[in-house]
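Colleague:
There are 2 protein chains.
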Amino acid sequence: MASQALPYRPHNHQACVSQALADARAICREQNARLTPTRERVLELIWQSHKPLGAYDVLAELTAEGQNAAPPTVYRALDFLQQHGLVHRIASLNAFIGCAHAGEHHTGMFLICRNCGNVLELTAPGVSGAIEGAAQAENFRAEDVTLEIAGLCPRCQSEAPHD
Amino acid sequence: MASQALPYRPHNHQACVSQALADARAICREQNARLTPTRERVLELIWQSHKPLGAYDVLAELTAEGQNAAPPTVYRALDFLQQHGLVHRIASLNAFIGCAHAGEHHTGMFLICRNCGNVLELTAPGVSGAIEGAAQAENFRAEDVTLEIAGLCPRCQSEAPHD
DNA sequence: CTGGAAATGTTATAATGTATCAAACTTTCC
DNA sequence: GGAAAGTTTGATACATTATAACATTTCCAG
Chain A
39 MASQALPYRP
49 HNHQACVSQA
59 LADARAICRE
69 QNARLTPTRE
79 RVLELIWQSH
89 KPLGAYDVLA
99 ELTAEGQNAA
109 PPTVYRALDF
119 LQQHGLVHRI
129 ASLNAFIGCA
139 HAGEHHTGMF
149 LICRNCGNVL
159 ELTAPGVSGA
169 IEGAAQAENF
179 RAEDVTLEIA
189 GLCPRCQSEA
199 PHD
Chain B
39 MASQALPYRP
49 HNHQACVSQA
59 LADARAICRE
69 QNARLTPTRE
79 RVLELIWQSH
89 KPLGAYDVLA
99 ELTAEGQNAA
109 PPTVYRALDF
119 LQQHGLVHRI
129 ASLNAFIGCA
139 HAGEHHTGMF
149 LICRNCGNVL
159 ELTAPGVSGA
169 IEGAAQAENF
179 RAEDVTLEIA
189 GLCPRCQSEA
199 PHD
C-alpha cells in the first residue's frame, strides 16, 4: 500500500511550518502584500499542527505570549491570510487550517478525521470537474466551493475498527 | 434550454410546503418518530422559501406566534429534523433548509446564490462517486460530506451580467 | 517630512449554539 | 388503571464565534 499522507503519520513537522512560512513570504512579496509580524505569527500558530485551530485558540496563544490582542486582531489576520490563499476556513468546524497548496490555484477538498482531528487537504481534479459539470447543468455559475468530508483517517480506522 | 430548477422560477410554493409536510409525516410514521407540533411548525417555517433560515429567525417566528420558545426549543427541533433527513444545515451560512429529497438516501450538493439567496439541492451521483473515490485513494473512510457551492443562479446571472 | 492609506488598538456588542436541571407528557407493562 | 421508564419540552444561564465602530499608530509615496 502507498505510504499515508503526511498528517496521518509521524513526520518532522517543523519542516511543514518552515515551508509554509517560506511560501507565505514569497507569495506576499509577489503580491505586494504585507506579511506583518502578527499575520506571520498567526500563520505559524495555525501551522502548529494539521488540526484546524479556532480563532479563539489563536487569540489565547497570542495573549499568552503577551501580545495585546483582541478578537478583531485575530480575525483580521485570518482574513488577510485567507485572501492570499495561505489558510482555509473549515466551515463545518468554524476553524482554520494552513493551506497545503498555497500559490497553486486549486479547489480544496478536506478530509477531516472525527477521531484525531487531523485534516488532509487534497486537490482532486476529477472532483472539481464533476462539481463544475453539475453546476453548469443547472446553469449555475460556481464561484466558491466548500467541500469537507468528515470520517475516519487511516490511522484511526485501525485503532478503532468497530463501528 | 431546459426549464430552470424550481427555486429559480416562479412556482406555487405552497405545493412545495404541502409536499414536504406530507413527506415528513409519512417518514416519521415509518420510523416511529414523533413529529410533534413544534417540530412540524419548525419544518413548515424552514420551508417558507428556498432560502436557508437561521435558527434565530425560526425562533423569532415562533415567538411572534406566541409560542413559548427559547433557543434550545429551536435547536432541538432542528436536530430532530436533521436526524430524520428532513432538513439540512448549510455550514457555510449557519442556516437550515428543507431537504428536497427526504427519504432518499443521498449526498446533498447545494448551489447557493450569493445574490438572491436561493438554494438548490442536487443529487449528483457523478460528484458523489468522485468524492468517494478521492477519499478512498487516501484510505479515508468518508462518513459525512459537506458540499456547498456559492455563486450566481441563472436568474441572477442575467440580471447582473457584469462581473 | 508630510499627507493619505493601511494596519492595529480598543471597547462594545451581535450572532450562533450548548449545558443543565426541572417539569410535563407518552408509552409500556403489570 | 396506575406506576415506572423513557421522551419531549420549559426555563435559565452561559459558552462560543464573529463583527461594528471609532481612535490611534505605522508605513510609504511623493
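In the order they appear, the protein sequences are chains A and B. For what it's worth, our numbering labels the leading residue of the first sequence as 39, then goes sequentially. For what it's worth, our numbering labels the leading residue of the second sequence as 39, then goes sequentially. The beta-carbon is built from N, C-alpha and C at its ideal position, and this holds for glycine as well.
Is it the case that the segment 50 to 69 of chain B contacts the segment 107 to 115 of chain B, given that we only count it when at least three CB pairs across the two stretches are under 8 Å?
Modeller: They do not touch, by the three-pair rule.
Colleague: Pick helix, strand or coil for D201(A), following the three-state DSSP scheme.
Modeller: At D201(A), the pLDDT of 42 sits below 50, so the modelled position is not reliable and the matter cannot be decided from this model.
Colleague: Give every residue of the same chain whose Cβ lies closer than 8 Å to the Cβ of I128(A), excluding the five residues on either side of it in the sequence, and list them in chain order.
Modeller: The residues are P90, F134, I135, F148, I150, V157, E186.
Colleague: Taking the alpha-carbon of A172(B) as reference, which of V183(A), A180(A), A162(A) has the nearest alpha-carbon?
Modeller: Here the closest residue by C-alpha is A162(A).
Colleague: The beta strand (DSSP E) spanning F134(B) covers which residue range?
Modeller: Start and end: 133 to 136.
Colleague: With H, G and I counted as helix, E and B as strand and the rest as coil, what does DSSP make of N148(B)?
Modeller: Per the sequence shown, the amino acid found at residue 148(B) is Phe instead of Asn. Of the three classes helix, strand and coil, the one that applies to F148(B) here is strand, per DSSP.
Colleague: To the nearest whole angstrom, what separates the beta carbons of R152(B) and L97(B), a pair I think is in contact under 8 Å?
Modeller: R152(B) to L97(B), Cβ: 25 Å. No contact.
Colleague: When we look at the beta-carbon of V46(B) and count the other beta-carbons within 10 Å, is it buried (16 or more) or exposed?
Modeller: In the sequence as presented, Val is not what sits at residue 46(B); that position holds Tyr. Y46(B) is buried by the Cβ-count criterion.
Colleague: Along the chain, where does the alpha helix (DSSP H) containing T76(B) start, and where does it finish?
Modeller: T76(B) -> alpha helix (DSSP H) spans 75 to 84.
Colleague: Can a CB atom of chain A be found closer than 7 Å to the CB of L116(B)?
Modeller: So no, L116(B) is outside the interface.
Colleague: I need the straight-line Cα distance from E103(A) to T76(A), nearest angstrom please.
Modeller: Distance between the alpha carbons of E103(A) and T76(A): 12 Å.
Colleague: Should P109(B) be flagged as near chain A, meaning a C-beta pair shorter than 7 Å?
Modeller: Closer than 7 Å: no.
Colleague: E170(A) to G146(A), Cα distance in whole Å?
Modeller: For E170(A) and G146(A), the distance between alpha carbons rounds to 14 Å.
Colleague: Using a Cβ-Cβ distance cut-off of 7 Å, determine whether G155(A) contacts chain B.
Modeller: So no, G155(A) is outside the interface.
Colleague: Which whole-angstrom value describes the C-beta separation of V80(A) and A53(A), a residue pair presumed to lie in contact below a C-beta threshold of 8 Å?
Modeller: Between A53(A) and V80(A) the Cβ distance is about 20 Å, and since that is not below 8 Å, they are no contact.
Colleague: For a contact defined as C-beta to C-beta under 7 Å, what are the partners of S130(B) on chain A?
Modeller: Ordered by position in chain A, the residues that pass the 7 Å Cβ test against S130(B) are A129, T184.
Colleague: I want to check one thing, is the minimum distance from the CB of E159(A) to the heavy atoms of the ligand SAH below 6 Å?
Modeller: Annotation note on the ligand SAH: not contained in the displayed structure, which lists no ligands.
Colleague: Closest by CA to S166(B), which one among A180(B), Q86(B), C154(B), G155(B)?
Modeller: Nearest of A180(B), Q86(B), C154(B), G155(B) to S166(B), Cα basis: A180(B).
Colleague: Residues of chain A with CB closer than 8 Å to the CB of P192(B), please, in chain order.
Modeller: Per Cβ cutoff of 8 Å: E176, N177, F178.
Colleague: Quick check: P48(B) and N177(A), are their CB atoms within less than 7 Å of each other?
Modeller: It is not a contact, given that the beta carbons lie outside the stated cut-off.
Colleague: I'd like the list of long-range same chain contacts for I84(A), defined as Cβ closer than 6 Å, with 5 residues on each side in sequence excluded.
Modeller: If we look at I84(A) and ignore the five residues flanking it on each side, its Cβ neighbours are L91, V125, F134, G136.
Colleague: Would you mind telling me which residues of chain B sit closer than 9 Å to Q121(A), beta carbon to beta carbon, in chain order?
Modeller: Neighbours of Q121(A) on chain B: none; closest Cβ ~16 Å, over 9 Å.
Colleague: List the DSSP bridge partners of T184(A).
Modeller: DSSP output for T184(A) lists E186(B) as bridge partner(s).
Colleague: Quick check on S196(B): buried or exposed, where buried means 16 or more other Cβ atoms within 10 Å of its Cβ?
Modeller: Exposed, because fewer than 16 other Cβ atoms sit within 10 Å of the Cβ of S196(B).
Colleague: Grab me the residues of Y113(B)'s own chain with a C-beta within less than 7 Å of its C-beta, minus the 5 sequence neighbours each way, in chain order.
Modeller: These residues qualify, in order along the chain: A93.
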